[in-house]
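The sequence shown maps to residues -20 to -1, 1 to 167 in mature numbering (1 follows the signal peptide of the UniProt record, and there is no 0).
To keep things clear, I will list the structure first and then write my remarks on it.
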Amino acid sequence: MKKYVLALSLICIVAVSARAQKITPGIKGGLNIADVSGINGDNRLSGHVGLFLHSRIDPRWAIQPELLYSGQGQQYMVLNHEYTLALSYIQVPVMFQFYPVKQFYLEFGPQIGFLLSANVKDDNDKVEVDEDYKKVDAGIALGAGFQVTRMLGFYARYNAGLSDITKHDNRDYFNRVGQIGVSIKLK
């Protein structure tokens, strides 16, 4: 299934990029405020960093595929002891951006994530729990951004997981991540 999703995503990126007027590479990174639906607790603060290709389709529309490292998860309490569920992903969002005015954009798009590691940590120990989590997470992303200069921009985004991330539980758990960050276009 994931091979088909990746192949379809690649075909879409190539098709739209072929129509694009200009492709601009860039880097981005910032703060993640993450939690997992169904787990009571506090948000996990982490970060994200990665690369993107920005392609203008016309004056109002652009497409931006990205490749990001993203720290996700949740903090929670069990018997008055605090734990952190630390989930590390490689995220591949494909964002469609609409520019109602020259420097401001709204964005939306699908996202697929590949689990790198899953750990539960407390003050004393770190336990790997990779076998309890699915290797692939699918979701959607919505956001907005502002290009301060031709190169420098700021953005805010919300990523909502659409697939259950756990293997063994009867309940469904979904990633939810708010992001704020800085982007730099390299051309």
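Backbone N, C-alpha and C define an ideal beta-carbon position, used for all residues, glycine too.
- In the structure shown, the three-state DSSP call for Asp102 is coil.
- Selection Thr129, Leu95 and Tyr135 evaluated against Glu108 yields Leu95 as nearest (Cα-Cα).
- The Cβ atoms of Ile43 and Phe76 sit closer than 8 Å to each other.
- Residue state for Asp110 is assigned as helix, using DSSP reduced to three classes.
- Rounded to the nearest angstrom, the gap between the Cα atoms of Gly27 and Pro39 is 31 Å.
- Between Gln54 and Val157, the C-beta gap is not smaller than 8 Å, which leaves the two residues out of contact.
- Taking Asp112 as reference, the option from Leu142, Val100 and Gln159 with the minimal CA-CA separation is Val100.
- The beta carbon of Trp41 is closer than 8 Å to those of Phe76, Gln77, Phe78 and Tyr79 in its chain, skipping five residues each way along the sequence.
- In this structure, the straight-line span from the alpha carbon of Gly9 to that of Gly89 is close to 18 Å.
- The Cβ atoms of Gly93 and Tyr69 sit closer than 8 Å to each other.
- In the same chain as Leu65, and ignoring 5 residues on each side of it, the C-beta atoms closer than 6 Å to its own belong to Gly53, Gln54 and Val100, in chain order.
- Boundaries for Gln83: no beta strand (DSSP E) harbours it, and the DSSP string shows neither H nor E there.
- Between the C-alpha atoms of Leu33 and Ser97 there is a straight-line separation of about 26 Å.
- Remark: C-beta atoms of Asn20 and Ile13 do not approach each other more closely than 8 Å.
- Distance from the Cα of Lys106 is smallest, within the candidate group Glu62, Val16 and Asn139, for Glu62.
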